[in-house]
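2 is the number of the first residue of the sequence shown in our numbering; add one for each residue after it. Single-structure report; data block below.
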Amino acid sequence: MRGSIVAGVAGLTVLAAAFTQTLGAQARTQAATRIYAVHGDCGGHPRVEAGMAPGLCLGRVWQWSATTPGPRMPRTLFRLADDDWLVADLGSWDAGRGAIWRMRIGADGAVGWTRLLGGLSMPHTMARGPDGRIYVAEMSRIFVFDPARPEATTAAVSDLPDNRLHENRHPLSAFVFDGDGALLVNVGAPSDRCVDARGRPNRDARGQCAERAGQAMVRRYAYLGNGRWSREWTPYATGLRNSVAMVRHGSGAIYQAENSVDLNTPERPFDEINRLKPGADYGWPYCTDMATALPGWTAAEARCGRRQSPVSLLPPHAAPLDMLYYEGAMFPELRGRMLMSWHGHRRAAGRIVAIEVDAEGAPLTDRPARYAIYPRGSMPYPPDAPAPRARVLTPGWNAVRGTRPQGSPVGMAVAGDGAIWVADDRAAAVLRIARE
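Right, dumping it as structure tokens:
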């Protein structure tokens with residue numbers, strides 16, 4: 002009997018070792034599929050084997066490895082100088098694992114990292130405020146940050162929901178400064194589309210979505226001057242599922258890129274570009290596309306006709322996560338255009354696009370129109386819906402085993418020379434779009 006037990010334990014040990022080896026092999030295989038192979042030169046950095054628009058190339062500034070320190074999930078970039086950057090590292094989708102890193106580029110192109118802050122909860126947006134200081138959005142607050150004294154942080158806004166990913170589908174804070182210094186802050190929707198596991202609406206006593214109070218909106222915190230903001234907030238725009246990507250145009254217009262709901266189809270629903278107007282409602286969780294009631298809510302409940310319509314649709318599940326207006330010198334043909342990163346993992350995503358805009362920064366649109374999909378081909382937008390007039394800068398950023406992963410671009414920043422720097426969080430890489 003004892004021999005049987007020993008044999009059984011030995012067998013379990015062998016099985017456990019085999020299982021561990023299998024997991025290790027899977028992890029190595031997964032890591033290998035995320036490596037960017039390089040060949041040649043792109044503006045002084047190793048050239049990534051990715052299909053780019055004519056005249057452009059993609060350089061690998063840095064990519065994480067087991068022997069290379071640095072951020073595990075780089076999400077956003079902030080330029081201090083051309084050889085000196087801040088990088089927000091999400092760390093993971095758990096509280097307390099995020100960090101702010103300082104990235105310095107040597108004369109030989111070598112990248113050095115310094116971890117300035119740790120223990121953060123999903124840090125994301127970084128921007129310079131009206132007082133000249135640097136502001137960082139964490140899950141439940143926005144704080145002031147000085148790279149020279151990283152330990153001395155001060156909260157500017159501290160009453161944001163203390164969300165968790167598995168309790169709240171959209172825990173990231175993001176913000177833009179309005180022209181008067183007010184902070185416009187994303188508070189994402191707590192669920193995908195305000196329905197229960199059976200697809201029944203989560204209604205309040207009035208028959209409306211019970212999850213919208215204080216969330217699924219952009220809040221406005223008035224600027225009081227001298228680096229202080231009001232503790233009281235007002236709703237700036239409501240019915241927004243997740244406003245991680247926002248930008249203010251020089252004309253004063255505010256634009257938001259909406260990640261629409263997650264229906265189990267690659268063809269619907271479409272993501273959106275919205276111009277945010279004070280007091281307007283943008284329809285979450287009742288409406289999507291131009292005027293389509295979402296499953297679980299009747300057309301009468303959705304009241305799509307009362308919703309503020311998008312200025313343009315985007316491909317389904319593109320997952321736009323950043324937008325900025327390009328004003329660099331390297332690409333004069335892109336000057337003034339709206340750059341947008343499409344992060345999602347489905348067939349339309351893994352792209353950076355440059356959208357033509359009008360004098361107020363709004364996308365110029367076409368009807369009818371199509372969007373490209375991987376590995377090849379295209380799909381139509383709804384015939385009567387506006388679609389952005391855009392140039393795809395990265396048309397060949399789909400996954401090719403042994404060569405590249407599918408691109409997962411998040412934050413973008415423009416360097417002093419006009420090159421476009423990009424953070425890829427799934428591949429843990431910092432990349433650079435330059436002239437061929």
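Ideal Cβ positions, reconstructed from N, Cα and C, are used throughout, including at glycine. Here the structure is a predicted model, which means the values were calculated and not measured.
- Sequence-distant partners of A350 (beyond 5 residues in either direction) whose C-beta falls short of 7 Å from its own C-beta, in its chain, are H318, A319, A320, W343 and H344.
- Restricting attention to alpha helix (DSSP H) runs no shorter than 4 residues, the region 43 to 121 encloses none.
- Per DSSP, reduced to three states, the secondary structure at A281 is strand.
- Straight-line measurement puts the Cα of A149 at about 50 Å from the Cα of C305.
- With fewer than 16 other Cβ atoms from the protein chains shown falling within 10 Å of its own Cβ, S93 counts as exposed.
- The secondary-structure analysis by DSSP pairs Y222 across a beta bridge with L184 and W234.
- Excluding five sequence positions before and after L225, the CB atoms of its chain that fall closer than 8 Å to its own CB belong to S231, given in chain order.
- Beta-bridge annotation (DSSP): D272 is paired with L315.
- By the 16-neighbour rule on beta-carbons within 10 angstroms, P369 is exposed.
- Closest in C-alpha terms to M140, from the list A156, G130 and Q309, comes A156.
- The Cβ atoms of A330 and R80 lie no closer than 8 Å to each other.
- When the Cα atoms are used, C43 and R433 turn out to be separated by approximately 8 Å.
- Straight through space, the alpha carbons of I274 and P383 are spaced by roughly 15 Å.
- Per DSSP, the unbroken beta strand (DSSP E) holding A128 starts and ends at M127 to R129.
- As DSSP reads the structure, D323 sits in a beta bridge with S342.
- Residue burial is scored here from C-beta neighbours: D418 has fewer than 16 other C-beta atoms within 10 angstroms and is therefore classed as exposed.
- Non-local C-beta neighbours of R48 in its own chain, meaning closer than 8 Å and more than five positions away in sequence, comprise V39, H40, G41, D42, C58, L59, G60 and R61, ordered along the chain.
- L264 sits in coil when the DSSP states are folded into three classes, being neither helix nor strand.
- The C-alpha of V245 is placed about 7 Å away from the C-alpha of L173.
- E139: not part of any beta strand (DSSP E); DSSP gives it neither H nor E.
- Spanning the alpha carbons of Y222 and G189 requires a straight line of approximately 16 Å.
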